[in-house]
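Colleague:
Here is the structure:
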């Protein structure tokens, strides 16, 4: 278990402690501070995976989030198993168990590697052209095998035992990335007193400085590490600055709304039970500073995918941060000066290093340092092939012309056990692009950089193409200061640290190096096995859009989302099409930036909390009365109150008779309630509702309909004017949240000039409805303040009063057609007032009733329920509610009501139905036809919306939507029932008290 690749000293790991882990069943050792990738490399393990399509051997390409190859399955016991973790991001802990993925058999002897021998038959897009014949093979052969081959890891089968939390925060400045630019920005903003959040995916702040050896670099005359320690100390001194490590910003959404994922305990072997596994931060920021760094580009040359071939910056990270030397005989291939840092560091660590520089005359200071150190430099040459099965053993290089194309001639073979490559750098513009910012191609950098932004954000450092440490610190301080000032804080210029660092020479991009032998493949997307030839094939077959090429070849569609392949791929496509790279464009950068667990998105909303049960304050009282409950949305509502020996039908009939003849009591708390205040409240309601609201008197109520823009009924309810600029709106129970969101959408996006404030108060008020001819007698018995006489409180009015000594709002409203009062009291007093009313009602025959009786009672009166009598295709006119539609004012949906289709006489209209058999209760949703035995296919002219037995009528009845319904009153029609039809008579939809005398009693 010797860590043979671990150097004797150096790195940031804790060498005083040794921890053990398992990979593919074999035990290894590492140290705290290691990642799984660094620990495997320290133990000499380079073969860590297989590619998706061809199952080629794969080793680590990178050291960070861009890793396409080193994907593992983590087994954590207790049902905890997770696929597709990047080993480069998995922090090592004692007892960690990991397995390689996408193999059949062992990693070294993968039976599916036969796919590589069949590569000529499996080019890009082969699945669009095969699996078509014979047709019967699809379900029996093709589909089962394709499904068996799909995916990389194994999905968990047991419930996730971990906890995930959400946190919603607001901040003045959010800084994403804690490298030198991000640290400088956060410190500059914090110095103004602004509230600042600094997040970074690494376990500690520092970014690129964590991989820095410090050779030839000083910041204010001290080593970079010393400057970093000073910065960390200052971070701790600012009380309004929050530092979130192990936290990835995965998404940048509208209005500076960003998602962060904090890995709270993923790195712990034995997490404390009181901590969540991960925490999802939902951040709204006044200003955002993006300091997300850059990603190194691999070189595209034949056989560039062998284990041991990796990015030069990654090798430097493994050495300087983790103390791991990735090879003893190393070839560094580059077209950029930054790779010389890796060459120099590995040379000083004892490796034999050869640099293959594609440029003919590299002139940077690092080149001079390498020459001085005695490192061999092959100028004007590039890699054209490699050899080695499970680890690279030889690299083939060839002379290049000035354009970077191989010159026909001798190919030189260089023995090696590691190849480090650097094709330049791509700014990490993913979050900027997600924010809907426009990217700009910089020809000098050969990279896309942030262009015109669309939100309150700024980019600093390498993510905007500034490669030097001096530029990163300068831009970080500037953007942090500017962001704080834009957030409303007084900012003062901050001195920029004096930086000494090597001067780099010019970069020379070479996008593709052709091979020295026929049949060789140059890999662009390492995980999905996309080659340069695949891209050329896509272009030959007519694909020109980079988005189409991406989907045809799957380039950039792997778990790394093309972080190392997208720009190279589109550059190769540009060369194929003889077009400039900017004209080819970019693919779309979508969130999440890195894979994010489903558990984190779900947070606590799972199990019992996924569909949380809502209970009214009177739920316990109803239970004691023997109520049977039903689910209405998230609410538990009393359905009916059976007495001994009663079934549901008998209980509902008794409850309905009590309301019609005496008094019933109903829990109406679940109705949506929205408090509306502000100078323009009345004008707002005028625009939302179909009827007029400006002249509604204080203390008066009005029924209103809301329409969508297409003129269809969206919701309904009664709204009351509490004060000059204060209204109390009620909505349907199921529509409460949707209505509030819809109202806010109009206020915030279409009518921001209106001064209106909306607050959900559904759970602040308990509502007890007293309905029936004796309702006033019951309420009067417990009324301790107020006047509820017919003259003082007529129908559709409200008064402030006291009931049983409790302050209350009493609304004269009915949903039964009877004399009715809705008593609103603070929710904490709901059960007390309910009990007082029930006791006071005993002499008057009070009866609690549930939702089933409520439905019967309202249907008898012809009152609609949105979502039952409406289905998204119903207008007020269809419901016979022209009286609720103003002809004088404008409102949402008004213009749609005048469309020709809305005025057709054969539109479905609300009617009543009386079955010829008075005992037959029709099925809701049953179709209506014009003859008892219609010829098939039968013409459906309507459907039943509500159907009940009425104790008051002594028979069954129904409401329906019927084509040309109002002109059909008195007609005989038929409704589907069982295997046949049932005869019905069409009537008006109001079955009791059409004059409304009971309402006004």
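Residue numbers (our numbering): 92 to 1092.
Idealized CB from N, CA, C, for every residue including glycine.
Quick caveat: nothing in here was measured; it's all calculated off a predicted structure.
Measure the alpha-carbon distance for residue 311 versus residue 556 and round it to whole angstroms.
Modeller: Taking the chain shown and counting its residues from 1, one reaches residue 311 at position 220. Taking the chain shown and counting its residues from 1, one reaches residue 556 at position 465. In a straight line, the C-alpha of residue 311 is about 23 Å away from that of residue 556.
Colleague: Where DSSP assigns a beta bridge to residue 763, which residues make up the other side?
Modeller: Stepping through the chain shown from its first residue, residue 763 is reached at position 672. For residue 763, which the question treats as bridged, DSSP gives the partners 822.
Colleague: Rounded to the nearest angstrom, what separates residue 1017 and residue 946 at their Cα positions?
Modeller: The residue you call residue 1017 lines up with position 926 of the chain shown. The residue you call residue 946 lines up with position 855 of the chain shown. Each residue's alpha carbon lies about 18 Å from the other.
Colleague: Would you list, in sequence order, the uninterrupted alpha helix (DSSP H) runs of no fewer than 4 residues that lie entirely inside the region 879-947?
Modeller: With a minimum length of 4 residues, the continuous alpha helix (DSSP H) runs that stay inside the region 879-947 are 921-931.
Colleague: In three-state DSSP terms, what is residue 376?
Modeller: Residue numbering aside, residue 376 sits at position 285 when the chain shown is read from its first letter. Residue state, collapsed to three classes: strand.
Colleague: Do you know offhand how far residue 987's Cα is from residue 994's?
Modeller: Counted from its first residue, the chain shown places residue 987 at position 896. Counted from its first residue, the chain shown places residue 994 at position 903. Going by the C-alpha atoms only, they are around 10 Å apart.
Colleague: Taking the beta carbon of residue 361 as the centre, do at least 16 other beta carbons fall within 10 Å, making it buried, or is it exposed?
Modeller: As a position in the chain shown, residue 361 is number 270, starting the count at 1. That one is exposed.
Colleague: With DSSP collapsed to three states, give me the class of residue 833.
Modeller: What you label residue 833 is simply residue 742 of the chain shown in a count that begins at 1. Note: residue 833 maps to helix in three-state DSSP.
Colleague: Could you spell out where the alpha helix (DSSP H) holding residue 803 opens and where it closes?
Modeller: Translated into the one-based positions of the chain shown, residue 803 becomes position 712. Where residue 803 is concerned, there is no enclosing alpha helix (DSSP H), given that its DSSP letter is neither H nor E.
Colleague: For residue 110, which of helix, strand or coil comes out of DSSP?
Modeller: In the chain shown, the residue the question calls residue 110 occupies position 19. Correct three-state label for residue 110: strand.
Colleague: Could you name each continuous alpha helix (DSSP H) segment of 4 residues or more that falls completely within the region 708-758, going from the start of the chain to the end?
Modeller: Runs of the alpha helix (DSSP H) inside the region 708-758: 710-715, 739-752.
Colleague: Expressed to the nearest angstrom, what Euclidean distance is found between the alpha-carbon atoms of residue 1021 and residue 796?
Modeller: In the chain shown, the residue the question calls residue 1021 occupies position 930. In the chain shown, the residue the question calls residue 796 occupies position 705. If I take the Cα positions, the gap works out to 32 Å.
Colleague: Please check the pair residue 619 and residue 649, which I expect to be a contact at CB under 8 Å, by giving their CB distance rounded to whole angstroms.
Modeller: Counted from its first residue, the chain shown places residue 619 at position 528. Counted from its first residue, the chain shown places residue 649 at position 558. Their Cβ separation, rounded to whole angstroms, is 5 Å, which keeps residue 619 and residue 649 in contact under 8 Å.
Colleague: Enumerate in chain order the residues of its own chain whose CB-to-CB distance from residue 675 is below 6 Å, with the five nearest sequence positions on each side excluded.
Modeller: By one-based count along the chain shown, residue 675 stands at place 584. Excluding residues within five positions, the ones whose Cβ falls inside 6 Å are 637, 661, 664, 665.
Colleague: Which two residues bound the contiguous alpha helix (DSSP H) that contains residue 485?
Modeller: As a working mapping, residue 485 is identified with position 394 in the chain shown. Where residue 485 is concerned, there is no enclosing alpha helix (DSSP H), although the beta strand (DSSP E) it sits in stretches over 485-490.
Colleague: Over the uninterrupted beta strand (DSSP E) stretch that includes residue 1037, give me the two end residues.
Modeller: As a first step, residue 1037 must be located in the chain shown, where it is residue number 946. Start and end: 1033-1041.
Colleague: As a quick exercise: from 780, 528, 402, 991, pick the residue whose alpha carbon is nearest that of residue 159.
Modeller: On the chain shown, residue 159 is found 68 positions in, with the first residue counted as 1. The shortest C-alpha separation from residue 159 is found at 402.
Colleague: Pairs of beta-carbons, one from the region 716-735 and one from the region 882-900, closer than 8 Å: are there three or more?
Modeller: Taking 8 Å as the limit for Cβ pairs, the verdict is that the region 882-900 does not touch the region 716-735.
Colleague: Quick one: what does DSSP say residue 1028 is sitting in, helix, strand or coil?
Modeller: Reading the chain shown from its first residue, position 937 is the one you call residue 1028. In this structure, residue 1028 counts as coil in the three-state DSSP scheme.
Colleague: Exposed or buried, residue 431, counting other C-beta atoms within 10 Å across all chains shown (16 or more means buried)?
Modeller: Indexing the chain shown from 1 puts residue 431 at position 340. The residue is buried, with at least 16 neighbouring Cβ atoms inside 10 Å.
Colleague: Which residues in the same chain as residue 332 place their Cβ atom closer than 7 Å to its Cβ, once the five residues preceding and following it in sequence are excluded?
Modeller: By 1-based counting over the chain shown, the position of residue 332 is 241. Answer for residue 332: 277, 281, 287, 289, 326, listed in chain order.
Colleague: Starting from residue 257, trace the beta strand (DSSP E) in both directions and tell me its first and last residue.
Modeller: On the chain shown, position 166 is the one that residue 257 refers to. Element bounds for residue 257: 255-267.
Colleague: Keeping to the same chain, check which residues put their C-beta closer than 8 Å to that of residue 56; ignore five residues upstream and five downstream.
Modeller: Because the chain here runs from 92 to 1092, residue 56 falls outside it and cannot be looked at.
Colleague: Alpha carbon to alpha carbon, what distance is there between residue 267 and residue 369?
Modeller: Here residue 369 refers to the residue found at position 278 when the chain shown is read from its first residue. Here residue 267 refers to the residue found at position 176 when the chain shown is read from its first residue. Answer to the nearest angstrom: the Cα atoms are 18 Å apart.
Colleague: Using only CA atoms, which one of 693, 269, 544, 419 lies nearest to residue 552?
Modeller: Indexing the chain shown from 1 puts residue 552 at position 461. Of the listed residues, the one whose Cα sits closest to residue 552 is 269.
Colleague: Is it true that the CB of residue 594 sits closer than 8 Å to the CB of residue 455?
Modeller: As a position in the chain shown, residue 455 is number 364, starting the count at 1. As a position in the chain shown, residue 594 is number 503, starting the count at 1. Going by C-beta atoms, residue 455 is nearer than 8 Å to residue 594.
Colleague: Report, in whole angstroms, the separation of the C-beta atoms of residue 524 and residue 395, which I expect to be a contact under 8 Å.
Modeller: Position 433 of the chain shown, counting from 1, holds the residue named residue 524. Position 304 of the chain shown, counting from 1, holds the residue named residue 395. Not quite, the Cβ-Cβ distance comes to about 27 Å (not below 8 Å), so this is no contact.
Colleague: What first and last residue would you give for the alpha helix (DSSP H) that runs through residue 220?
Modeller: Here residue 220 refers to the residue found at position 129 when the chain shown is read from its first residue. Its alpha helix (DSSP H) spans residues 217-220.
Colleague: Taking only beta-carbon atoms, is residue 455 less than 8 Å away from chain B?
Modeller: In the structure shown, chain B cannot be found, because there is only a single protein chain.
Colleague: Checking the sheet assignment: what are the DSSP bridge partners for residue 402?
Modeller: On the chain shown, position 311 is the one that residue 402 refers to. Residue 402 is bridged to 512.
Colleague: Can you tell me where the alpha helix (DSSP H) with residue 318 in it begins and where it stops?
Modeller: Locating residue 318 in the chain shown gives position 227, where the first residue counts as 1. First-last of the alpha helix (DSSP H) with residue 318: 315-326.
Colleague: For a minimum of 3 consecutive residues, which ranges assigned as the beta strand (DSSP E) are wholly contained in the region 177-228?
Modeller: List check, beta strand (DSSP E) in window: 187-191.
Colleague: Taking only three categories from DSSP, how would you classify residue 539?
Modeller: Locating residue 539 in the chain shown gives position 448, where the first residue counts as 1. Strand.
Colleague: Looking at residue 950: is its Cβ nearer than 8 Å to the Cβ of residue 1037?
Modeller: For this step, residue 950 is matched to residue 859 along the chain shown. For this step, residue 1037 is matched to residue 946 along the chain shown. In this structure, residue 1037 lies closer than 8 Å to residue 950 by Cβ.
Colleague: Rank 611, 519, 441, 409 by C-alpha distance to the C-alpha of residue 487 and give the top, closest one.
Modeller: As a first step, residue 487 must be located in the chain shown, where it is residue number 396. Comparing Cα positions, the closest option is 611.
Colleague: Tell me whether residue 443 counts as near the ligand GDP, meaning its Cβ is closer than 7 Å to at least one heavy atom of that ligand.
Modeller: This structure does not include the ligand GDP; it has no bound ligands of any sort.
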